[in-house]
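Some notes on the structure that comes next.
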Amino acid sequence: DAGVIQSPRHEVTEMGQEVTLRCKPISGHDYLFWYRQTMMRGLELLIYFNNNVPIDDSGMPEDRFSAKMPNASFSTLKIQPSEPRDSAVYFCASSLEGYYGYTFGSGTRLTVV
Amino acid sequence: AQKITQTQPGMFVQEKEAVTLDCTYDTSDPSYGLFWYKQPSSGEMIFLIYQGSYDQQNATEGRYSLNFQKARKSANLVISASQLGDSAMYFCAMREGTRQAGTALIFGKGTTLSVSS
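Protein chains in written order, with my numbering: chain A, 1 to 113; chain B, 114 to 230.
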């Protein structure tokens with residue numbers, strides 16, 4: 001089991017550019033979560049999916065953020081255009097109905113300059 | 114109102130001593146789960162221990178135990194025999210509702226634990 005895989009590990013981009021973060025959940029897991037971690041706000045839920053369908057996107061900060069899950073093994077979080085205040089660590093996590101555990105990826109550290 | 118409160122920004126302990134990290138929670142749902150995660154300086158989130166609201170006994174996992182006091186809505190993490198490798202940020206989190214994986218975790222702000230030799 002390779003765990004939850006996120007890419008890239010680090011991303012540095014200029015303000016105004018489009019950024020795409022990627023996540024591969026654990027095979028068979030039917031829930032996928034995107035979190036953002038900052039010093040000021042801690043760990044915040046952005047959006048989560050069940051069986052590839054978005055369930056709750058109330059945490060998505062604004063229209064510049066979008067997330068997709070085209071199939072059970074892949075999800076993206078896109079920021080367009082990016083701003084310096086988007087700088088954070090973005091985590092993806094997956095879980096399985098009937099099991100209490102949530103497995104996190106290693107995170108993507110995004111820096112917008 | 115915060116759902117998960119961790120009042121200790123930082124804690125210091127010496128090797129081999131026990132340490133308690135505090136966590137209180139707020140929910141009106143009778144069914145919920147409580148989690149502790151460890152985040153070392155490398156940044157990954159490591160699951161430590163879980164307690165369900167209906168569990169009669171406190172959860173234990175090796176050197177970790179969860180002191181669950183339902184009436185007080187507290188779920189403190191106890192680390193026995195601290196090791197240098199325990200130095201990290203520790204997060205308390207809660208999941209509400211009866212579906213075991215179907216809702217997101219809500220996290221506290223975290224407590225930084227420093228273990229010295």
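Heads up, the beta-carbon is just placed ideally off N, CA and C, and yes, glycines get one too.
C-beta contact flag for residue 45 of chain A and residue 217 of chain B at 8 Å: Start at 1 with the first residue of the first sequence, and residue 45 of chain A comes out as number 45. Start at 1 with the first residue of the second sequence, and residue 217 of chain B comes out as number 104. Result yes, Cβ atoms of residue 45 of chain A and residue 217 of chain B sit closer than 8 Å.
Alpha carbon of residue 165 of chain B to alpha carbon of residue 2 of chain A, nearest angstrom: Reading the second sequence from its first residue, position 52 is the one you call residue 165 of chain B. Reading the first sequence from its first residue, position 2 is the one you call residue 2 of chain A. The alpha-carbon atoms of residue 165 of chain B and residue 2 of chain A are separated by roughly 27 Å.
Best match in B:229, B:115, B:196 for proximity to residue 41 of chain A [C-alpha to C-alpha]: For the purposes of this step, residue 41 of chain A is taken as residue 41 along the first sequence, with counting starting at 1. Considering only alpha carbons, the answer is B:115.
Chain B contact for residue 56 of chain A (CB, 8 Å cutoff): Here the question's residue 56 of chain A lines up with position 56 in the first sequence. It does; some Cβ of chain B falls within 8 Å.
Proximity test, Cβ basis, 8 Å: residue 90 of chain A and chain B: To locate residue 90 of chain A, count along the first sequence from 1; it is residue 90. Residue 90 of chain A does not count as touching chain B.
Run of the beta strand (DSSP E) containing residue 41 of chain A, from where it starts to where it stops: By 1-based counting over the first sequence, the position of residue 41 of chain A is 41. No beta strand (DSSP E) holds residue 41 of chain A; DSSP gives it neither H nor E.
Residue 172 of chain B classed as buried or exposed, judged by whether at least 16 other C-beta atoms fall within 10 angstroms: Within the second sequence, residue 172 of chain B is the residue found at index 59, counting from 1. The C-beta of residue 172 of chain B has 16 or more other C-beta atoms within 10 Å across all chains shown, which makes the residue buried.
Segment limits, beta strand (DSSP E) that includes residue 171 of chain B: Here residue 171 of chain B is taken as the residue at index 58 of the second sequence, counted from 1. Run containing residue 171 of chain B: none; DSSP gives neither H nor E here.
Minimum Cβ-Cβ distance from residue 123 of chain B to chain A less than 8 Å: Walking along the second sequence from the start, residue 123 of chain B turns up at place 10. No - not a single Cβ of chain A is within 8 Å of the one on residue 123 of chain B.
Rounded C-alpha distance that separates residue 168 of chain B from residue 16 of chain A: Here residue 168 of chain B refers to the residue found at position 55 when the second sequence is read from its first residue. Here residue 16 of chain A refers to the residue found at position 16 when the first sequence is read from its first residue. About 50 Å.
Three CB pairs or more closer than 8 Å across the stretch 122-133 of chain B and the stretch 66-86 of chain A: Taking one beta carbon from each stretch, the stretch 122-133 of chain B and the stretch 66-86 of chain A have fewer than 3 pairs nearer than 8 Å; the two do not touch.
Exposed unless 16 or more other CB atoms sit within 10 angstroms - verdict on residue 29 of chain A: Translated into positions along the first sequence, residue 29 of chain A becomes position 29. With 16 or more other CB atoms across the displayed protein chains lying within 10 angstroms of its CB, residue 29 of chain A is buried.
Strand pairing of residue 75 of chain A, partner residues [DSSP]: Start at 1 with the first residue of the first sequence, and residue 75 of chain A comes out as number 75. A:23.
Assigned secondary structure, residue 85 of chain A (DSSP; H/G/I helix, E/B strand, else coil): On the first sequence, position 85 is the one that residue 85 of chain A refers to. Here residue 85 of chain A sits in helix by DSSP.
8 Å contact criterion, which residue 11 of chain A and residue 113 of chain A should meet: CB distance rounded: Position 11 of the first sequence, counted from the first residue, corresponds to residue 11 of chain A. Position 113 of the first sequence, counted from the first residue, corresponds to residue 113 of chain A. In fact, because the Cβ distance is near 11 Å, the residues do not count as touching under 8 Å.
Separation of residue 186 of chain B from residue 126 of chain B, as counted between CA atoms: The residue you call residue 126 of chain B lines up with position 13 of the second sequence. The residue you call residue 186 of chain B lines up with position 73 of the second sequence. A straight-line Cα-Cα distance of about 25 Å links residue 126 of chain B and residue 186 of chain B.
Interface residues of chain B facing residue 42 of chain A [CB-CB closer than 7 Å]: Sequence index remark: in the first sequence, residue 42 of chain A carries index 42 (1-based). Result: 220, 222, 223.
Any C-beta of chain A under 8 Å from that of residue 158 of chain B: Translated into the one-based positions of the second sequence, residue 158 of chain B becomes position 45. Using a Cβ-Cβ cut-off of 8 Å, residue 158 of chain B counts as an interface residue toward chain A, since at least one Cβ of chain A sits closer than that to its own.
Chain A residues whose Cβ lies nearer than 7 Å to that of residue 201 of chain B: Here residue 201 of chain B corresponds to residue number 88 of the second sequence, with the count starting at 1. Proximity of chain A to residue 201 of chain B at the Cβ level (cut-off 7 Å) is not reached, the minimal Cβ distance being about 14 Å.
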